[in-house]
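Participant: In the working numbering, the protein residues as written are 44 to 413.
1) With C-beta atoms as the reference, is residue 160 less than 8 Å away from residue 182?
2) Closer than 6 Å by C-beta to residue 339: which residues in its own chain qualify, once you throw out the five before and the five after it? Chain order, please.
3) Return the chain-ordered list of same chain residues with a C-beta closer than 7 Å to the C-beta of residue 324, the five sequence neighbours on each side being excluded.
4) Could you tell me which of 138, 411, 282, 377 sits nearest to residue 274, measuring between CA atoms?
5) Under a three-way DSSP split, which group does residue 401 fall into?
6) Helix or strand or just coil, what does DSSP make of residue 202?
7) Between residue 336 and residue 298, how many whole angstroms is the CB-CB distance? I'm expecting something under 8 Å.
8) Does the separation of the CB atoms of residue 241 and residue 211 fall below 8 Å?
9) Output the distance between the C-alpha atoms of residue 154 and residue 144, rounded to the nearest integer angstrom.
10) With DSSP as the reference, label residue 242 as helix, strand or coil.
11) Once you ignore the five residues that flank residue 217 on each side, which residues in its own chain have a CB closer than 6 Å to its CB?
12) Candidates 150, 193, 312: which alpha carbon is nearest residue 344's?
13) In whole angstroms, what is the alpha-carbon distance linking residue 64 and residue 89?
14) Measuring CA to CA, which of 383, 52, 197 is closest to residue 250?
15) Using the C-alpha atoms, what's the distance from residue 316 back to residue 281?
16) From which residue to which residue does the beta strand (DSSP E) around residue 70 run?
17) Excluding five sequence neighbours on each side, which residues of the same chain lie with their C-beta closer than 8 Å to the C-beta of residue 272?
18) Between the alpha carbons of residue 403 and residue 396, how many angstroms are there, rounded?
19) If you reduce the DSSP assignment to three classes, tell me which class residue 357 lands in.
20) Does the ligand GTP have a heavy atom nearer than 7 Å to the CB of residue 44?
21) Measuring alpha carbon to alpha carbon, tell me which residue in 188, 71, 52 is nearest residue 109.
22) Inspect the beta-carbon positions of residue 71 and residue 78 and report whether they are closer than 8 Å.
23) State yes or no: is the C-beta of residue 238 within less than 8 Å of the C-beta of residue 206?
24) In terms of residue numbering, what span does the beta strand (DSSP E) encompassing residue 154 cover?
25) Ordered along the chain, which non-local residues of its own chain (more than five positions away) have a Cβ less than 6 Å from that of residue 332?
26) Between the Cα of residue 351 and the Cα atoms of 56, 227, 386, which residue gives the shortest distance?
27) Whose C-alpha, out of 135, 80, 92, 278, is nearest the C-alpha of residue 308?
28) CA-CA distance, residue 81 and residue 95?
29) Looking only at its own chain, which residues have a Cβ that is under 7 Å from the Cβ of residue 219, when we skip the five neighbours before and after it?
30) Rounded to whole angstroms, what's the CA-CA distance from residue 300 to residue 125? Just pull it up for me.
31) What does a CB cutoff of less than 7 Å around residue 191 pick up in its chain, not counting 5 residues either side in sequence?
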């Protein structure tokens, strides 16, 4: 009886959303069970009704399955609303949405850390024909052998269901064996035909798309979407800071107006190895630190100096591979990698990097843009 009351209470919370969608599928957690729910909205006479059908244990409870989550539509919307990338460039995803909805092909998203891959995946879900069905996120950085086995061998695995969106976050962290298993499963079970499949790959600073990603791209007619790093949109940094400052002001009860010109110049010329995520962290720290309406250059120098110390890779971790597979890399590839390592050593400071390498800032910038 207690379980039934809890279930009815949860269904009431879903009523408004279910009324808006003619057909919908979602999951409800009650104690140690997950209920798969199908809702159907209809009109009879002058009244609108919702019919619910539900089953228990279509999926086992996933809280104990590290790296596998069923995410509610509301949580997906929150991911989008909190993203700086989507605040600035949501329109850039429109073309991918159109292609995806026309073909149902898998989408592979590439980008450096912090460029907004997860928010982009969220937008693709919200704009797809499956937005009223479950969104299942598989974080490859959290999977262990037991949970990987569950995904492939358990009869209640999300891979056995249909009409959902399945997002593989940080697919670059799959081992070669795991990736081959996943490709075989996708092909043999028509996973991509039954569901909308999304994958994201983290790119290292200055590196090309990893060779292993092409195993997916070559096996399936994928749609690819590359996210540009923040440093390639330096002109948009003032707008990004303004948008995020408005949010931070509400949270911490301040009325910051913006940055002094010298402070903004420093922020626009920083390398931002961790992109929008790093920008948000830096702006928040500056907002907490400053005692005037405008953020000053000395405050920016202090915070960015701390970023450089904390994010600087060790010299032992730096190296340049001469070969790409069985082929020698070109001189241009090697030059870009050396510049990338030098930038990391200097915490993203382009002036210090140019000085260390004995080149002008304009030459450095030309290599970065190329």
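Glycine included, C-beta positions come from ideal geometry on N, C-alpha and C.
Facilitator: So, to answer that:
1) no
2) 303, 306
3) none
4) 411
5) coil
6) helix
7) 7 Å
8) yes
9) 22 Å
10) strand
11) 183
12) 312
13) 18 Å
14) 383
15) 18 Å
16) 66-73
17) 154, 155, 158, 248, 315, 318
18) 9 Å
19) A caution first: residue 357 carries a pLDDT of 42, below 50, which makes its placement in the model unreliable, though a value can still be read off. Three-state DSSP puts residue 357 in coil, outside helix and strand.
20) In the structure shown, the ligand GTP is absent, as is every other ligand, since no ligand is present at all.
21) 188
22) yes
23) yes
24) 150-155
25) 342
26) 386
27) 278
28) 6 Å
29) 255
30) 20 Å
31) 221
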